[in-house]
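*Asks:*
In the working numbering, the protein residues as written are 40 to 553.
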C-alpha cells in the first residue's frame, strides 16, 4: 500500500507488472478524473515503477481545451521529439470525464462526454498502439440511479473514498480490435473490458456474506486417515493386471469398488478434503455415492509415504448400461439426455470425481501419470470410443469469469452434432447487468491462450481457466452442456466429450513411452 495526500492505493504484483509493458508507445486509460487522485496515482504508482518509461498526460476531463487537443494530428510526432532521445517507452495517459455526477438533465455534459470518447476511439484505431485500462475501485463506492453510462463510469472524489484498489488489463493489441468497425461498438468493447476488471471485487463483497451464511451450516467432520498399512496390504493383494504403471516410488492401479473397500473409504475422505478446499464438496464425512459400486477406480499410490496422491473413477457404458440402464451413469443425474443417444453412451467411458491431493497440485506430474493410466486402461477395450464427463468450474472463479468461460466454450468448442441432445437439469443462470460479453468473446476468437489471459485479468489472484479443462481442450475435446450441481455446493459443471481418435499425436507418443 502506498500513501500520498491521504489517497491510498492497493495493487497486486500481477496488476502492477501489467502497467509497464515493453512497447515504444502505448495508451493507458483511467476511469477517474479527480485531479488529486490522478496526481497521487502518478506520483505513487506510475513514476516509481516507470524507470525507462515516460508519461505524457492528456487531461480531457475539462471542456475548454478539448477541441483543440482532439483535433491535433501531429501529437505523436511531437511526443517523439520531446522524449525519444531519453527513453524507450512512452505512456500516453488519458484522463477522461466520468459520469459520476452526470444526470439525464445535463445534456451538454452528456454531449461533451460522447465527443471526447468518440474522438479517443478514433485515435486508438488510428495509432494502433497497445491499450491498457486502469480501473480505480473505491472501497465505499455508491452508485446512484438515473446516471448516464460513459466509457469510464466510476469513482470521483464525491464518493468520499481515499482508498482505491487498482486493477489493470492485459494489453489490448491492434489485432484484437481490428474487426471492430464502428466507433460505438469499440466504445462498448472498451467499456465492457473496464467493467469486468471490477467484477471480482464487487462480487467478493457479496461472497463474504454468502460465505458467512454458509459457514453457519454444519459440515460433517472428516474422519482421520485409515491406517496406511491396511491400505498398503489391500494394494499388495491386487493381481498384476490391476497395476497399470509402477516405478520405484509410485503405483498407478485400477480396481473395482468391491476389491478395495478400505481404499474406497480413503478415496472418499480425500475427495471431500480436496473439494472442500475449493468451496465444493458434499459436506458429508466422506464423498462416496450410489454410483461408486458400479465404477472402476484408478488411483496413484506413493509407496514411500503410503498415501493416495490422486484418483479418477471410470464408468464404461458398455458394462453399465446392459445391467442397470442409463441411470447407472452419473451424468444422467445432471443432464437430460435424449433417448436416441443410448447407442452413443454404450461407446462412452465416463470419467469423474477426479482429484489431486492439495499438497501435490503444484506439479502436473500426478495428473499426467493418471492420464497415462487411463490411456492404457481405456484403449484395452475396442468398445471405448469416447471419453465423457463433467469438469468442475469452482466458486473460486467469479460469476463473471464463469459466464465468460461458458460463452467462450459455447461459441468455439460446442460439439456440432451432439450438443442438442444434452440439456441441463439445473441451468446456470446469471444476470448480465447490461454487460456485453458477446462482443468480448467475439474479439478473442478461438484463441485459448488469449482467453486464458482475460480470465487471469478478472481474477484478483491471476488464476487462469481450470487446468483440467484447458488440457481437455488442447486434446480437441468439445462441450455438450453446462449444469449447476446443488448437491455439490452449486458448482458449475461443463460436460466434456473427447473422441479418442482425436487425442493429439504428442500425447499419444508420451503415453506410449515406457
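Note that beta-carbon positions come from the ideal geometry of N, C-alpha and C, so glycine has one too. These numbers come from a predicted model, not from an experiment.
Using a Cβ-Cβ cut-off of 6 Å (strictly less than) and excluding sequence neighbours within five positions of residue 333, which residues of its own chain qualify?
*Replies:* Indexing the chain shown from 1 puts residue 333 at position 294. Excluding the 5 residues flanking it on each side, residue 333 has same chain C-beta neighbours closer than 6 Å at 359 and 367, in chain order.
*Asks:* With DSSP collapsed to three states, give me the class of residue 220.
*Replies:* Here the question's residue 220 lines up with position 181 in the chain shown. In this structure, residue 220 counts as coil in the three-state DSSP scheme.
*Asks:* Would you please state the rounded distance, in angstroms, between the beta carbons of residue 411 and residue 542? I believe it to be under 8 Å.
*Replies:* Counting from 1 along the chain shown, the entry for residue 411 is found at position 372. Counting from 1 along the chain shown, the entry for residue 542 is found at position 503. Contact flag wrong, Cβ pair sits at about 12 Å.
*Asks:* Who are residue 173's beta bridge partners in DSSP?
*Replies:* Taking the first residue of the chain shown as 1, we reach residue 173 at position 134. Beta-bridge pairing links residue 173 to 69 and 207.
*Asks:* Thinking C-beta only, is residue 131 closer than 7 Å to residue 66?
*Replies:* As a first step, residue 66 is located in the chain shown; it is residue number 27 there, counting from the start. As a first step, residue 131 is located in the chain shown; it is residue number 92 there, counting from the start. Yes; because the gap between Cβ atoms is below 7 Å, this pair is in contact.
*Asks:* In or out: residue 389 buried (at least 16 other Cβ within 10 Å) or exposed?
*Replies:* Position 350 of the chain shown, counted from the first residue, corresponds to residue 389. Looking at its Cβ environment, which holds 16 or more other Cβ atoms inside 10 Å, residue 389 is buried.
*Asks:* Measuring CB atoms only, is the stretch 320-338 touching the stretch 297-310, in the sense that at least three cross pairs come out at less than 8 Å?
*Replies:* yes
*Asks:* Excluding the five sequence neighbours on either side, which residues of its own chain have a C-beta within less than 7 Å of the C-beta of residue 222, listed in chain order?
*Replies:* In the chain shown, the residue the question calls residue 222 occupies position 183. Contacts found: 157, 160 and 161.
*Asks:* Residue 277 and residue 294 - do their beta-carbons sit closer together than 7 Å?
*Replies:* Here residue 294 refers to the residue found at position 255 when the chain shown is read from its first residue. Here residue 277 refers to the residue found at position 238 when the chain shown is read from its first residue. Yes, the Cβ-Cβ distance between residue 294 and residue 277 is below 7 Å.
*Asks:* If I follow the unbroken alpha helix (DSSP H) through residue 300, where does it start and stop?
*Replies:* In the chain shown, residue 300 corresponds to position 261, counting from 1. Segment 300-315, the alpha helix (DSSP H) holding residue 300.
*Asks:* Out of 536, 172 and 281, which has the shortest C-alpha to C-alpha gap to residue 233?
*Replies:* Taking the first residue of the chain shown as 1, we reach residue 233 at position 194. The candidate whose alpha carbon is nearest that of residue 233 is 172.
*Asks:* For residue 346 and residue 275, what's the separation of their Cα atoms in angstroms?
*Replies:* Translated into positions along the chain shown, residue 346 becomes position 307. Translated into positions along the chain shown, residue 275 becomes position 236. Taking the straight line joining both Cα atoms gives about 14 Å.
*Asks:* If I measure Cβ to Cβ from residue 84 and keep anything under 8 Å in the same chain, skipping five residues before and after, which residues do I get?
*Replies:* Taking the first residue of the chain shown as position 1, residue 84 is located at position 45. By the criterion of a C-beta distance shorter than 8 Å, residue 84 is surrounded in its chain by 41, 48, 50, 55, 58 and 205, once the five residues flanking it on both sides are discounted.
*Asks:* Does residue 128 come out as helix, strand or coil in the three-state DSSP assignment?
*Replies:* Within the chain shown, residue 128 is the residue found at index 89, counting from 1. Of the three classes helix, strand and coil, the one that applies to residue 128 here is strand, per DSSP.
*Asks:* Pick out whichever of 431, 435, 434 and 414 has its Cα sitting closest to the Cα of residue 425.
*Replies:* Taking the first residue of the chain shown as 1, we reach residue 425 at position 386. Of 431, 435, 434 and 414, the residue nearest in Cα terms is 414.
*Asks:* Can you tell me which residues form a DSSP beta bridge with residue 231?
*Replies:* Counting from one through the chain shown, the residue named residue 231 turns up at place 192. Under DSSP, residue 231 takes part in no beta bridge, so it has no partner.
*Asks:* In the stretch 361-414, which residue ranges form an unbroken alpha helix (DSSP H) of at least 4 residues, counting only runs that do not cross its ends?
*Replies:* 381-384
*Asks:* Do you know how far the Cα of residue 481 is from the Cα of residue 198?
*Replies:* In the chain shown, counting from the first residue as 1, residue 198 sits at position 159. In the chain shown, counting from the first residue as 1, residue 481 sits at position 442. Model confidence at residue 198 stands at a pLDDT of 45, short of 50, so the residue's coordinates are unreliable; what they give is reported in the following sentence. Going by the C-alpha atoms only, they are around 35 Å apart.
*Asks:* Tell me the rounded alpha-carbon separation between residue 76 and residue 441.
*Replies:* Along the chain shown, one-based indexing puts residue 76 at 37. Along the chain shown, one-based indexing puts residue 441 at 402. Computed Cα separation, rounded: 33 Å.
*Asks:* What residue range does the alpha helix (DSSP H) around residue 212 cover?
*Replies:* Within the chain shown, residue 212 is the residue found at index 173, counting from 1. No alpha helix (DSSP H) holds residue 212; DSSP gives it neither H nor E.
*Asks:* Under 7 Å between the Cβ atoms of residue 237 and residue 176?
*Replies:* Here residue 237 is taken as the residue at index 198 of the chain shown, counted from 1. Here residue 176 is taken as the residue at index 137 of the chain shown, counted from 1. Taking 7 Å as the Cβ cut-off, residue 237 and residue 176 qualify as a contacting pair.
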